[in-house]
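When we follow the UniProt record's numbering, the leftmost residue of the sequence shown carries the number 1, and every step to the right adds one. The next block holds one structure in the form of structure tokens; read it before the comments.
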Amino acid sequence: AATKLASAEKLMYFCTDQLGLEQDFEQKQMPDGKLPVDGFLLCVDVSRGMNRNFDEQLKFVSNLYNQLAKTKKPVVVVLTKCDEGVERYIRDAHAFALGKKNLQVVETSARSNVNVELAFSTLVQLVDKSRGKAKIIPYFEALKQQSQQIAAAKDKYEWLVSRIVKSHHELWPNVSRKMQPAPEYQDYVYLEGTQKAKKLFLQHVQRLKQEHIERRRKVYLALLPQALDALVPDLDEIDHLSRAKAEKLLEAKPDFLKWFVVLEETPWDATSHVDNVDNERIPFDLLETPAAEQLYEAHLEKLRNERKRAEMRRAFRENLETSPFVTPGKPWEEARSFIMNEDFYLWLEESVYMDIYGKHQKQLIDRAKEDFQELLLEYSELFYELELDAKPSKEKMGVIQEVLGEEQRFKALQKLQAERDALVLKHIHFVYHPTKETCPSCAACVDARVEQLLGSRFTRQHRNNPLADSNVDRINLVILGKDGLARELANEIRALCTNDDKYVIEGKMYELALRPIEGNVRLPVNAFQTPTFQPHGCLCLYNSKESLSYVVESIEKSRESTVGRRDGHLAQLPLTLILVNKRGGGGDAGGETLQSLIQQGQQIASKLQCVFLDPASAGIGYGRNINEKQIGQVLKGLLDAKRNLNLVVGSTPGLKDASDGADLRVVMCLMCGDPVSADEVLLPILQAQAC
């Protein structure tokens with residue numbers, strides 16, 4: 001109860017950690033070793049102590065208070081250990097204080113850091129009346145506020161840790177130095193202390209490590225099915241093996257180390273391998289985990305299911321081959337009920353069976369067509385009495401069908417009547433035009449096979465010649481005409497071609513590419529020439545004054561676009577001007593007579609220096625388009641012009657005639673480089689084609 005204390009060289013202590021370790025902390029001494037006392041905190045332990053009677057303690061406190069009261073100094077009663085306090089003890093302590101004049105009581109807990117600062121601030125206010133009066137808060141209310149404050153500070157501190165610490169390799173000393181200036185770190189350390197801050201840091205690092213391990217585990221487990229597919233794809237090899245024997249089998253595989261790594265230490269997630277992100281090989285001890293065992297069982301089940309599905313596919317094919325209900329051309333919907341059973345639906349989707357059925361139908365149809373072709377050859381006498389144009393009448397087709405109708409090979413194509421009729425027409429065409437292009441054997445035709453054999457055995461070196469034309473068997477044709485004229489003629493020409501756009505000229509098959517143009521030729525979409533289309537000629541169509549003007553303007557625009565360019569191909573493009581029918585027209589349409597349109601066309605053809613075709617010159621009347629013969633003539637002219645690009649005719653110094661020593665006029669083939677003698681000048685096209 002003394003109010004004046006003295007102790008020479010007395011050290012000031014701030015925490016219990018300093019005891020016995022004074023040299024490790026900052027040392028401060030009391031001024032002159034003297035300390036005046038301005039007030040007292042009278043502490044009362046309200047917890048349940050061993051062998052301690054609270055009533056006797058309270059008597060001691062009462063006697064002590066009487067001594068303190070004599071000093072005339074302020075006194076505050078502090079109830080300590082309220083976190084373990086006994087309710088009766090707390091009531092008795094408050095009752096004791098009520099019996100004294102102006103004696104204030106503060107409930108505290110040093111362990112929970114509740115109201116400790118309040119106890120001192122209350123005493124300071126009593127010493128210094130100028131300070132504001134502190135509000136006394138009961139322990140449980142203060143504990144609630146304290147918990148809320150700590151929770152908020154903890155959330156902010158955890159956010160700070162998560163923002164700074166991104167790797168599970170971070171260490172506390174380095175991280176704590178980075179966080180010290182941050183208010184989130186300072187507030188939490190003030191409330192909870194450094195050790196709890198470190199504990200939260202370690203928990204975060206451990207969480208990062210577990211997340212990293214889990215990511216690696218997912219990578220390994222995702223790779224495991226691929227490894228099993230590569231190492232043990234055969235069900236018979238592993239179906240009856242135990243897990244231990246299966247692991248030994250894996251180790252014996254030649255590619256084992258490509259997929260797995262055997263670590264000296266286990267488990268894998270406690271080794272350095274977990275941090276080696278460049279090495280994605282699966283730790284072999286991972287196979288011991290439940291997740292890996294499930295994947296292995298799933299691999300076995302997948303192999304068993306694949307085998308069962310393969311058996312179902314095989315059984316379905318056998319069912320198709322033996323079923324009398326599956327005939328060429330029969331739709332799936334009609335055949336399904338006869339060939340499907342419940343087992344098929346259990347193992348495969350219907351789309352799979354439809355695909356198998358479609359392939360089987362193709363085989364049936366191809367076989368039936370081959371048989372029908374043989375049938376046509378056997379009845380060749382049916383086709384002797386046809387006209388030379390090989391176009392049978394309906395009556396003749398009826399006779400053919402009546403004769404062949406009783407044949408099973410004819411009935412086999414009952415559901416494919418259109419294709420059967422097409423085969424008959426194709427056969428008739430072959431009878432009267434027997435070439436390798438019309439041969440029903442297609443690519444298996446002997447003539448075609450002989451050409452292929454000779455071409456492969458006697459190849460020439462013209463491939464290295466940059467001037468050789470790789471498109472010698474192709475004709476690119478522009479069709480120019482407005483108001484649907486170009487599209488209509490293009491469709492008529494395509495109708496004369498084969499299914500793969502091939503056209504026969506003088507017994508040889510050529511690939512024909514058509515480009516109908518009906519708009520502004522300056523737009524890229526209507527350009528004569530594109531990166532993939534180099535025109536060899538142009539058909540210019542008109543049936544009125546307006547359509548003729550469109551043709552003239554388009555040709556002029558196209559030629560203007562080539563001025564100044566190295567390739568003057570479009571400027572020299574072969575043109576053919578054609579007067580075609582006006583749909584729904586007659587002899588006079590809008591004042592434009594046939595004769596006036598012909599005269600205008602001849603004038604324009606003379607101006608453009610191109611060929612002009614009119615209905616009168618072809619021997620047909622106005623109201624019909626150009627016929628097949630005219631189209632053939634136009635295409636042949638374009639083909640001759642295209643071939644002539646491969647020939648250079650000139651005087652070659654150094655080649656002297658033996659008789660007079662004069663320069664010899666020669667034709668040099670740009671495909672093979674061989675000179676052609678003067679006697680062969682009349683056959684340049686044939687020479688180039690032969691090369």
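Using N, Cα and C, we set each Cβ at its ideal position, and we do this for glycine too.
Mind checking residue i: buried by the 16 CB within 10 Å criterion, or exposed?
i	result
Gly132	exposed
Leu425	exposed
Val450	exposed
Arg367	exposed
residue 695	Absent from the structure is residue 695, since the part of the chain shown begins at 1 and ends at 691.
Gln408	exposed
Gly601	buried
Gln104	buried
Leu5	exposed
residue 692	There is simply no residue 692 to check, as the chain begins at 1 and stops at 691 in what is shown.
Thr532	exposed
Phe140	exposed
Thr122	buried
Gly507	exposed
Leu299	Reading the sequence as shown, one finds His at residue 299 and not Leu. So His299 counts as buried.
Leu480	buried
Thr16	exposed
Arg163	exposed
Ser651	Its pLDDT being 36, under 50, Ser651 is placed unreliably by the model, and the measurement read from it follows with that caveat. Result: exposed.
His536	buried
Thr194	exposed
Phe14	exposed
Lys482	buried
Asn543	buried
Asp614	buried
Where does the unbroken beta strand (DSSP E) through residue i begin, and where does it stop?
i	result
Pro516	Lys508 to Ile517
Ile505	Lys502 to Ile505
Arg522	Taken as a continuous stretch (DSSP letters only), Arg522 belongs to no beta strand (DSSP E), as it is neither H nor E.
Pro36	Lys34 to Pro36
Ile578	Leu575 to Leu579
Closest by CA to residue i, which one among the options?
i	options	result
Glu518	Ala490, Tyr510 and Gln534	Ala490
Pro31	Ser441, Phe40, Ala8 and Ser554	Ala8
Ile428	Gln373, Asp447 and Val446	Gln373
Lys362	Ala153, Leu221, Lys248 and Pro331	Pro331
residue 707	Glu556, Lys218 and Cys538	There is simply no residue 707 to check, as the chain begins at 1 and stops at 691 in what is shown.
Leu423	Leu375, Glu381 and Gly481	Leu375
Phe260	Thr271, Leu228 and Ala244	Leu228
Arg243	Gln186, Phe284 and Asp447	Phe284
Gln630	Leu594, Val580, Val446 and Ala605	Val580
Leu541	Leu512, Gln572, Val504 and Leu485	Leu485
Asn53	Leu42, Asp92, Leu286 and Phe40	Asp92
Phe325	Ile282, Leu364 and Val551	Leu364
Thr271	Ser130, Pro392 and Ile213	Ile213
Leu223	Ala197, Leu286 and Trp268	Leu286
Glu492	Pro574, Glu293, Asn627 and Ser112	Asn627
Thr498	Leu639, Leu575 and Cys442	Cys442
Considering just the uninterrupted stretch of the alpha helix (DSSP H) at residue i, what are its terminal residues?
i	result
Ala2	No alpha helix (DSSP H) holds Ala2; DSSP gives it neither H nor E.
Pro531	From DSSP, Pro531 is part of no alpha helix (DSSP H); its letter is neither H nor E.
Phe338	Trp332 to Ile339
Ile136	Ile136 -> no alpha helix (DSSP H), and no H or E assigned at all.
Phe372	Glu350 to Glu378
Asp92	Glu87 to Leu98
Asp236	Leu235 to Ile238
In chain order, what residues of the same chain lie with their CB nearer than 7 Å to the CB of residue i, ignoring the 5 residues before and after it?
i	result
Asn319	Ile339
Glu192	Ile150
Ser323	Phe338 and Ile339
Thr71	Ala1 and Thr3
Asn115	Val106, Glu107, Thr108, Ile137, Tyr139 and Ala142
Take residue i and list the residues in its own chain whose beta-carbon comes closer than 6 Å to its own, dropping the five residues that flank it on each side.
i	result
Asp45	Thr80 and Lys81
Ala513	Asn476
Return the chain-ordered list of same chain residues with a C-beta closer than 8 Å to the C-beta of residue i, the five sequence neighbours on each side being excluded.
i	result
Val399	Leu382
Met12	Lys28, Gln29 and Met30
Legend entry - Three CB pairs or more closer than 8 Å across the segment 156-169 and the segment 77-89: The segment 156-169 makes no contact with the segment 77-89; the number of CB pairs closer than 8 Å stays below 3.
Legend entry - Contact between the segment 93-103 and the segment 139-155 (3+ Cβ pairs under 8 Å): No, the segment 93-103 does not touch the segment 139-155.
Legend entry - Contact between the segment 505-523 and the segment 546-566 (3+ Cβ pairs under 8 Å): Taking a cut-off of 8 Å on C-beta distances, the segment 505-523 touches the segment 546-566, as three or more cross pairs fall below it.
Inset, instruction - Count the CB pairs spanning the segment 15-35 and the segment 52-59 that are closer than 8 Å, and state whether there are at least three. - result: Here the segment 15-35 does not lie against the segment 52-59, with fewer than 3 beta-carbon pairs under 8 Å apart.
Legend entry - Cβ pair count under 8 Å reaching 3, the segment 348-364 against the segment 307-318: Because the criterion of three Cβ pairs below 8 Å is met, the segment 348-364 and the segment 307-318 touch.
Inset, instruction - May I ask you to verify whether the segment 323-337 touches the segment 260-271, counting CB pairs closer than 8 Å and requiring at least 3? - result: The segment 323-337, when compared against the segment 260-271, does not touch it at the 8 Å Cβ threshold.
Inset, instruction - Count the CB pairs spanning the segment 162-176 and the segment 189-209 that are closer than 8 Å, and state whether there are at least three. - result: Because the criterion of three Cβ pairs below 8 Å is met, the segment 162-176 and the segment 189-209 touch.
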